[in-house]
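Numbering (UniProt numbering), first residue to last: 1 to 167. Heads up: the structure comes next, in structure tokens.
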């Protein structure tokens, strides 16, 4: 059976300057070819840089990329893998304080929470609406999104890239 082909994006939201070439090497190793990022200063955190890298490769490359760059301290990133007709998409978020979070995504980019995770949240909540909301926030990666949001806005002045049609 042939492996499907996927594409996605690596967003390095903040990385110390000294780490930048190591990140390029790690991403290149994960996708099997040398890469060069277009780095710019990250205005939210002095002394750090940011970059976006659009990739394509076999299904599962997003997981390989997230694994390749997740071990460094002081690094904020997200990796996305678009869904294909044969596979779900994914989104990996990482912050120094929270570590890594993975979420499955659908064709529209929405996070998909599985039935077992919802049942777990309901069990843990034991009838408490506040606790259920907390558990669903964890499943959605809300804390990661909150921490990364200011870093994402630093790229608002970046060039526009049109997304590809999925499916």
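Idealized CB from N, CA, C, for every residue including glycine. Treat the numbers as computed from the prediction; the structure is a model and nothing was measured.
Exercise for the section: For residue 42, count neighbouring C-beta atoms within 10 Å of its own C-beta (all shown protein chains included) and say buried if the count is 16 or more, exposed if not. Expected result: As a working note, residue 42 is residue 42 in the chain shown. The residue is buried, with at least 16 neighbouring Cβ atoms inside 10 Å.
Practice task
Could you check how far apart the C-beta atoms of residue 53 and residue 13 are, in whole angstroms? I think they sit under 8 Å.
Solution key: For this step, residue 53 is matched to residue 53 along the chain shown. For this step, residue 13 is matched to residue 13 along the chain shown. Contact flag wrong, Cβ pair sits at about 12 Å.
Exercise for the section: Determine the closest residue to residue 100 out of 140, 57 and 150, with distance taken between C-alpha atoms. Expected result: If you number the chain shown from 1, residue 100 lands on position 100. Residue 140 is the option with its Cα nearest to residue 100.
Practice task
Label residue 106 either buried or exposed according to how many other C-beta atoms from any shown protein chain fall within 10 Å of its C-beta, with 16 as the threshold for buried.
Solution key: Numbered from 1 along the chain shown, position 106 holds the residue referred to as residue 106. Counting Cβ neighbours within 10 Å, residue 106 comes out exposed, since fewer than 16 surround it.
Handout entry: Residue closest to residue 19, alpha-carbon to alpha-carbon, out of 93, 74 and 129
Key = Numbered from 1 along the chain shown, position 19 holds the residue referred to as residue 19. Here the closest residue by C-alpha is 74.
Exercise for the section: Enumerate in chain order the residues of its own chain whose CB-to-CB distance from residue 17 is below 8 Å, with the five nearest sequence positions on each side excluded. Expected result: As a first step, residue 17 is located in the chain shown; it is residue number 17 there, counting from the start. For residue 17, where only same-chain residues beyond five positions count, the Cβ hits under 8 Å are 47, 48 and 49.
Handout entry: Residue nearest to residue 143 in terms of C-alpha spacing, selected from 96, 109 and 127
Key = In the chain shown, the residue the question calls residue 143 occupies position 143. Nearest Cα to residue 143 within the set 96, 109 and 127: 96.
Exercise for the section: Determine the direct distance from the alpha carbon of residue 39 to that of residue 51, and round the result to whole angstroms. Expected result: On the chain shown, position 51 is the one that residue 51 refers to. On the chain shown, position 39 is the one that residue 39 refers to. When rounded, the distance between both Cα atoms is 5 Å.
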